[in-house]
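Chains as they are written, first to last, in our numbering: chain H, 1 to 224; chain X, 1 to 391; chain U, 1 to 218. Beta carbons: idealized from backbone N, C-alpha and C, even for Gly. Following: one structure in structure tokens, then a few remarks.
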Amino acid sequence: MRLFSLFLLSTLLLAVEIFAYPNYSDAIKEKKIYPLGKNIYEKRCSSIKPSNYNTFSALEDAIKNDAHCKKLQTKYQEALALYLWEKVRITKKDKKYPEIVVTHKDKCPVCGMFLYKYPRWVSMIEYSNGKKLYFDGLKDLFKYYFEDPKDIKGLFTRDYYTQETIALKDAYFVLGSDVYGPMGNELIAFKDKKSAQNFFFDHRGKKIVNFKEITKSMVYKLDE
Amino acid sequence: MSNINFYLLEYAKNYILRHKNKNIFIVIVFTLLVALLCTLFFVSTTVEYEMESRLENQPDIVVQNYKAGRLSTIKSGMVDKLLEIDGVSWATQRVYGKYRFSKEGASLNLVGVDPFEEQENPFIAKLLEKNQLNENDIFVSQHVKELMHKAYYDDYFNFIKPDGKLLRLNIAKSFDVGDRKYLEDLVLVNKDKLREIFGYKADEGSDIALGVANKNELAFIRTKIALMLPNAKVTSKDDLKVAYKNLFNYDSGVFLSVFIVAIFTFFIIIYDKANGLSSEEKREIGILKAVGWRVEDVLHAKFYEAFIISFFSFFVGFLLAFIYVFVLKAPYIGDIFMHDQLFDIKNFNLNVHLEFSYILLIFLLSVPVYIAATLIPSWRVATLDADEVMR
Amino acid sequence: MIRLENVSKIYDENIKALQDINLTFKEGELIVLKGVSGSGKSTILSLIAGLSKPTRGEVIVDGKKISKLPDHFASSYRRDNIGIVFQRYNLIPTLSVTENVLLPLFPLNLPRDEMNLKAQKVLKQFSIDHKAGVIVKNLSGGEQQRVAIARANINNPKIILADEPTANLDEKLSLEFIEILAEMKSHNRTIVVATHDPLFFDLDIVDRMITIEHGKML
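Here it is, written out as structure tokens:
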């Protein structure tokens with residue numbers, strides 16, 4: 001009996017602990033909570049170091065007791081806590097690549113078009129010798145890449161929805177959608193599978209692939 | 001074209017003064033026509049430019065809630081729903097509105113500010129960079145400060161809430177709006193306090209503004225939101241651009257008709273001039289031929305004459321238009337482009353923004369045409385046998 | 001040096017201004033063309049000046065067929081060789097004496113001192129230099145006459161043509177004009193005067209008098 005009530009108690013505690021942890025979707029966290037938390041951290045409570053705390057509730061308590069932060073409304077404290085706990089503490093895989101920038105003179109080596117006109121579509125191959133080539137879409141980039149896949153340091157493009165720079169090897173691609181690039185049918189790139197799937201449904205895509213699955217014939221088929 | 005022949009220039013000047021009355025009339029008409037055309041061009045291009053720059057600062061999409069067909073408040077929960085849409089990079093519930101400051105008959109433009117949210121309006125963002133807006137403070141523009149001062153409010157202001165109670169807020173800072181006259185009634189208030197002033201509930205707001213990272217998706221997302229929220233009015237920046245453009249095109253149509261009338265009048269004058277010279281003028285050309293001037297010399301002098309008149313008129317007309325539009329702010333004619341809801345031209349700062357191609361167009365339509373109208377009949381007369389002068 | 005060979009001038013509605021004129025003038029001669037208004041004497045002057053072209057025949061001056069010259073060259077020829085004194089002077093009233101006198105030379109765009117020198121010379125020659133800067137409309141009739149004559153002489157022309165020069169003048173001014181004619185003749189200019197003023201009919205300085213009536217020589 002005792003064991004049972006202990007079990008019950010611990011699950012209850014666990015449950016309380018779990019439910020006490022704010023539950024937001026990734027989208028809301030990325031787009032609203034983290035930026036909010038960041039602002040609060042920079043403007044008010046820079047003194048809190050998340051690495052000093054082992055649990056989320058310990059961090060929360062620290063915030064509630066801090067001289068600067070205690071006067072904040074609950075929603076702000078929560079945002080701050082989430083930001084510190086999930087973003088600052090775990091400097092995880094969030095690799096930020098630099099923005100892809102072209103000058104007024106740059107042209108796509110495959111089709112010859114001026115790149116500055118299509119900032120949302122510009123993609124890049126970086127070679128080991130530091131040379132960078134820019135293209136007006138992934139189709140042209142892959143055409144060039146398959147002709148000469150040597151000495152590559154990295155392949156980059158913009159995530160369709162957020163326009164951040166992403167590495168192609170980690171990305172997901174949708175083919176056959178109703179969204180056309182400057183060269184017509186395109187591979188549309190996404191940083192994660194979920195947004196690729198959402199796009200796939202919204203824009204009547206025909207296929208989702210990752211980097212390894214892309215073949216030369218697949219790319220040329222887009223031109224048909 | 002050889003060097004300027006100052007003798008011929010002097011002759012031309014003298015010729016103009018000899019026919020003073022006729023030339024004064026021509027100069028006046030020419031100047032007025034150029035002034036009218038320039039005014040219209042200045043106003044319309046400046047308005048267009050102003051419109052575009054104002055649009056730049058607008059959010060990509062604005063979502064408003066309608067109840068019973070009337071504009072109503074929107075709940076903050078909507079923000080989270082909208083953030084779930086891929087492609088939306090940010091979304092905030094905005095609180096803003098007008099507050100009647102009845103003592104002065106003025107209307108204050110109250111804008112709610114959250115201390116930690118990203119401020120999307122660049123002007124406000126800049127203001128808040130340097131100064132934190134505390135919960136009980138308000139920031140006011142210079143103009144509003146003066147208004148409040150007149151009502152004996154200097155350190156604080158009492159807002160009257162819908163329930164009749166007062167809400168006192170401190171006038172913490174005043175700011176200069178520079179030449180952005182449409183911001184002169186601006187007051188920045190803490191968002192939650194503003195809700196109190198308007199009688200909004202804690203989760204109510206005026207609308208939701210959102211940003212879309214990839215403009216390619218703008219139209220699609222706009223439609224998606226409209227489908228998601230049947231009661232909402234979803235306006236994208238593109239919609240605004242189209243609406244402004246349509247209005248602007250209508251106004252331009254009005255302007256165009258005035259333009260056509262002006263050009264028509266001008267060409268009547270030209271036609272009259274080109275159709276011949278008076279016998280006195282013919283005689284003078286005959287004398288010049290008789291003393292040994294060649295046809296090209298006669299035309300050279302006539303060119304100076306026409307150039308002086310047309311260029312002078314053009315320049316004065318341009319100057320008049322410039323002063324009328326940019327210094328006096330175009331009373332009466334500017335009203336063509338005024339729309340109560342969208343712009344009030346007096347609030348526009350008609351910043352000096354000249355489109356060179358328009359000025360060139362007006363120049364080319366007037367000066368060379370006038371010069372040609374002067375030269376052609378002179379050329380005709382000068383090539384005839386000038387034996388009449390002997391009589 | 002001036003020759004009119006079989007010259008006829010017919011205007012549009014078959015108005016025969018001149019018919020079969022044959023004339024020869026020697027250099028330095030003073031010729032009077034006598035005839036009433038409309039007789040055609042003014043037409044002869046304008047033909048010699050190159051201001052109009054004959055319908056038939058040739059006008060030859062100094063060996064040159066000026067009747068064949070295109071307008072550009074006819075005007076240059078006129079500027080360099082002809083000086084015309086008009087019946088009504090045809091001065092520009094709002095310009096000064098100097099400016100009026102230099103009028104034929106304006107297109108040449110010569111340097112100012114050169115122009116002024118030429119003006120000075122000719123103004124002095126006709127005794128009007130003391131009024132060099134005066135605006136012409138403020139001059140008396142006689143002074144204006146001298147300005148007109150000075151202008152005709154500015155470019156040292158070989159030929160002076162005068163059309164009814166004394167028609168609007170009183171006797172005193174007419175005699176003054178004849179004196180000036182004599183002065184010009186002494187510089188070996190060829191002078192042709194078209195007039196029906198009897199003052200000219202018995203002058204020593206007149207070398208020849210030719211009567212023109214209804215476009216024909218008598």
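In the DSSP assignment, Met115 of chain U falls within the unbroken alpha helix (DSSP H) covering Arg112 to Gln125. Under the DSSP definition of a beta bridge, Val177 of chain X lacks any partner. Here DSSP, grouped into helix, strand and coil, assigns Asn129 of chain H to coil. Excluding its 5 nearest sequence neighbours in each direction, Leu72 of chain H has no C-beta neighbour in its own chain below 6 Å.
Here Ser378 of chain X carries a helix assignment [DSSP, helix/strand/coil].
When the Cα atoms are used, Met217 of chain U and Ala373 of chain X turn out to be separated by approximately 44 Å.
Taking one beta carbon from each stretch, the region 132–147 of chain U and the region 43–60 of chain U have fewer than 3 pairs nearer than 8 Å; the two do not touch.
By the criterion of a C-beta distance shorter than 6 Å, Phe318 of chain X is surrounded in its chain by Cys38, once the five residues flanking it on both sides are discounted.
The shortest C-alpha to C-alpha distance from Ile125 of chain H to any of H:Arg44, H:Phe146 and H:Tyr118 is the one to H:Phe146. The Cβ-Cβ distance between Lys191 of chain X and Asp114 of chain X falls below 8 Å.
Within its own chain, the residues whose Cβ lies closer than 7 Å to the Cβ of Gln144 of chain U, once the five positions on either side in sequence are excluded, are Tyr89, Leu91 and Val136, listed in chain order. Taking C-beta separations shorter than 6 Å and ignoring five residues to either side along the sequence, the partners of Gly276 of chain X in its chain run Pro377, following chain order. Pairwise C-beta distances place the region 116–134 of chain X out of contact with the region 187–196 of chain H, as fewer than three of them are shorter than 8 Å. Taking a 10 Å sphere around the C-beta of Ile63 of chain H, we find 16 or more other C-beta atoms and assign the residue as buried. In this structure, the straight-line span from the alpha carbon of Asn185 of chain H to that of Ile323 of chain X is close to 54 Å. Between Ala81 of chain H and the set H:Asp178, H:Thr103, H:Ser46 and H:Leu138, the nearest pair of CA atoms involves H:Ser46. Of all residues in the region 275–288 of chain X, those with a C-beta nearer than 7 Å to a C-beta of chain U are Ile287, reading in chain order. In its chain, beyond the 5 residues on either side, Leu168, Lys169 and Ala171 have a beta carbon closer than 7 Å to the beta carbon of Phe211 of chain H. Taking a C-beta cut-off of 7 Å against chain X, the contacting residues of the region 61–76 of chain H are Tyr76, listed in chain order. The continuous alpha helix (DSSP H) containing Ala81 of chain H extends over residues Thr74 to Leu82. Of the residues assessed, Asn129 of chain H falls on the exposed side of the cut-off, its CB having fewer than 16 other CB atoms within 10 angstroms. Between Trp379 of chain X and Val291 of chain X, the C-beta gap is not smaller than 8 Å, which leaves the two residues out of contact. Within chain U, Phe106 have C-beta atoms less than 7 Å from the C-beta of Tyr11 of chain X, given in sequence order. Contact annotation for Thr162 of chain H against chain X: Ser89 and Ala213 [CB-CB distance below 7 Å, chain order].
Taken through DSSP and simplified to helix, strand or coil, Phe116 of chain X comes out as coil. Per the Cβ contact rule, the region 98–118 of chain U is not in contact with the region 166–180 of chain U (fewer than 3 Cβ pairs under 8 Å). Our two residues, Leu33 of chain X and Leu328 of chain X, have alpha carbons roughly 19 Å apart in a direct line. Closest in C-alpha terms to Ile44 of chain U, from the list U:Ser186, U:Ile205, U:Ser67 and U:Glu27, comes U:Ser67. In this structure, Gly28 of chain U lies near Thr190 of chain U, with their beta-carbon atoms less than 8 Å apart. Here the C-alpha atom of Tyr271 of chain X lies approximately 14 Å from the C-alpha atom of Val367 of chain X. Around the beta-carbon of Tyr96 of chain X, 16 or more other beta-carbon atoms lie within 10 Å, marking it buried.
Take the alpha-carbon of Lys224 of chain X and the one of Val234 of chain X: they are about 10 Å apart. Between Ala262 of chain X and Phe42 of chain X a beta carbon distance of about 14 Å is seen, past the 8 Å cut, so the two are scored as non-contacting. Contact between the region 15–24 of chain U and the region 249–263 of chain X is absent: fewer than 3 CB-CB pairs across the two stretches fall below 8 Å. Between Phe6 of chain X and Leu36 of chain X, the alpha-carbon positions lie close to 33 Å from each other. When DSSP states are grouped into helix, strand and coil, Asp151 of chain H belongs to the coil group.
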